[in-house]
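K.L.:
Handing you a structure now.
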Amino acid sequence: MKNLNNIIESILFISGKPVEIAFIAEKLEVSLAEVNKAIEELKRHYSGESGIHLITFNKKAQFSSNPEYVKSVESVLNPIKERELTNAMLETLAIVAYKQPVTRVEIEEIRGVDCTYSVQNLTKLGLIEAVGRKESIGKPLLFATTDEFLKRFSLSSIDELPDHVALLGKLQSIEQNMGNVTTVEKPMLGTVEIPEFLEGEKVEVVE
Numbered sequence: 272m273k274n275l276n277n278i279i280e281s282i283l284f285i286s287g288k289p290v291e292i293a294f295i296a297e298k299l300e301v302s303l304a305e306v307n308k309a310i311e312e313l314k315r316h317y318s319g320e321s322g323i324h325l326i327t328f329n330k331k332a333q334f335s336s337n338p339e340y341v342k343s344v345e346s347v348l349n350p351i352k353e354r355e356l357t358n359a360m361l362e363t364l365a366i367v368a369y370k371q372p373v374t375r376v377e378i379e380e381i382r383g384v385d386c387t388y389s390v391q392n393l394t395k396l397g398l399i400e401a402v403g404r405k406e407s408i409g410k411p412l413l414f415a416t417t418d419e420f421l422k423r424f425s426l427s428s429i430d431e432l433p434d435h436v437a438l439l440g441k442l443q444s445i446e447q448n449m450g451n452v453t454t455v456e457k458p459m460l461g462t463v464e465i466p467e468f469l470e471g472e473k474v475e476v477v478e
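Just so you know, we're using the numbering used here here: the sequence shown kicks off at 272 and counts up by one.
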């Protein structure tokens, strides 16, 4: 197809979200090989010192800002989402990454504290999601990481997850970049209420 690179570039720019590579090929009625070739060429163009990078993960493609300029971008845009990641949420996220799929109660057994709101907020931020229910008493929800998690940590798939020490290092780096934030396990988003996705489960709210 003529101007395939430009067309894919436009699709990804307008979408602003991950787009399945196979879906692009299907809708444009071109081969998957052609689309992959175009994406590889675009990745070479949007790389290095370019302010925008083209990233691929889980057979999807998306435009992303160059991580080299993150501090400058943050100084202008002040991204709220990054600053909402408290120490408690980072610890919870690390547990989900390595134990997934995992229930809230299993996370709490490891951390030793109530994790209701860490789980709730990480879900709202799109870093983890419910992927089913465990076949046990009460059938509690099972949580796993999302594509947003992969993108945040520059991973193509969960198979590329670094060892535990390396991931904790990345989490610590994010924590340090946030500056001084509260580590108290309390609601950081919305009002104090039992989240809908935990209805039916035993939850203790401590104010």
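Every residue, glycine too, gets a C-beta built ideally from N, C-alpha and C. What you are looking at is a predicted structure, and each value in this text was computed from that prediction instead of being measured.
My assumption, with CB atoms under 8 Å, is that A368 sits in contact with T416. Please give the rounded CB distance.
P.N.:
Reading the sequence shown from its first residue, position 97 is the one you call residue 368. Reading the sequence shown from its first residue, position 145 is the one you call residue 416. The pair is a contact, with the Cβ atoms about 5 Å apart (cut-off 8 Å).
K.L.:
At 4 residues or longer, and completely inside the segment 381–431: list those alpha helix (DSSP H) runs for me, N to C.
P.N.:
If we require 4 residues or more, the alpha helix (DSSP H) runs fully inside the segment 381–431 come out as 387–395, 418–423.
K.L.:
If you follow the beta strand (DSSP E) that S336 is part of, which residue opens it and which one closes it?
P.N.:
Translated into the one-based positions of the sequence shown, residue 336 becomes position 65. Looking at the DSSP string, the run of the beta strand (DSSP E) that includes S336 is 331–336.
K.L.:
In three-state DSSP terms, what is V290?
P.N.:
The residue you call residue 290 lines up with position 19 of the sequence shown. Strand at V290.
K.L.:
Going by the DSSP bridge assignment, what does H324 pair with across the sheet?
P.N.:
Counted from its first residue, the sequence shown places residue 324 at position 53. Answer is S335.
K.L.:
Exposed or buried, L283, counting other C-beta atoms within 10 Å across all chains shown (16 or more means buried)?
P.N.:
Here the question's residue 283 lines up with position 12 in the sequence shown. With 16 or more Cβ atoms within 10 Å of its Cβ, L283 is classed as buried.
K.L.:
Rounded to whole angstroms, what's the CA-CA distance from I378 to F420? Just pull it up for me.
P.N.:
The sequence position of residue 378 within the sequence shown is 107, counting from 1. The sequence position of residue 420 within the sequence shown is 149, counting from 1. If I take the Cα positions, the gap works out to 18 Å.
K.L.:
Cutting at 8 Å between CB atoms, please list the residues of its own chain near P289, excluding the five before and the five after it.
P.N.:
Position 18 of the sequence shown holds residue 289. Around P289: F328, N329, K331, A332, Q333, D418, K422.
K.L.:
What does a CB cutoff of less than 7 Å around L426 pick up in its chain, not counting 5 residues either side in sequence?
P.N.:
Against the sequence shown, residue 426 aligns to sequence position 155. These residues qualify, in order along the chain: F328, L432.
K.L.:
Can R375 and P411 be called in contact, C-beta distance under 8 Å?
P.N.:
As a position in the sequence shown, residue 375 is number 104, starting the count at 1. As a position in the sequence shown, residue 411 is number 140, starting the count at 1. The answer is yes: Cβ separation under 8 Å.
K.L.:
What would DSSP say about V373, mapped onto helix, strand or coil?
P.N.:
Residue mapping note: residue 373 aligns to position 102 of the sequence shown, counting from 1. Strand.
K.L.:
Are I292 and N277 touching if we call contact CB-CB under 8 Å?
P.N.:
Walking along the sequence shown from the start, residue 292 turns up at place 21. Walking along the sequence shown from the start, residue 277 turns up at place 6. For I292 and N277, no; Cβs fall outside 8 Å.
K.L.:
Would you report the Cα separation of S318 and H324, rounded to the nearest angstrom?
P.N.:
Locating residue 318 in the sequence shown gives position 47, where the first residue counts as 1. Locating residue 324 in the sequence shown gives position 53, where the first residue counts as 1. Near 5 Å, if we compare the C-alpha coordinates of H324 and S318.
K.L.:
Helix, strand or coil for E305? Go by DSSP, reduced to three states.
P.N.:
Residue mapping note: residue 305 aligns to position 34 of the sequence shown, counting from 1. Residue state, collapsed to three classes: helix.
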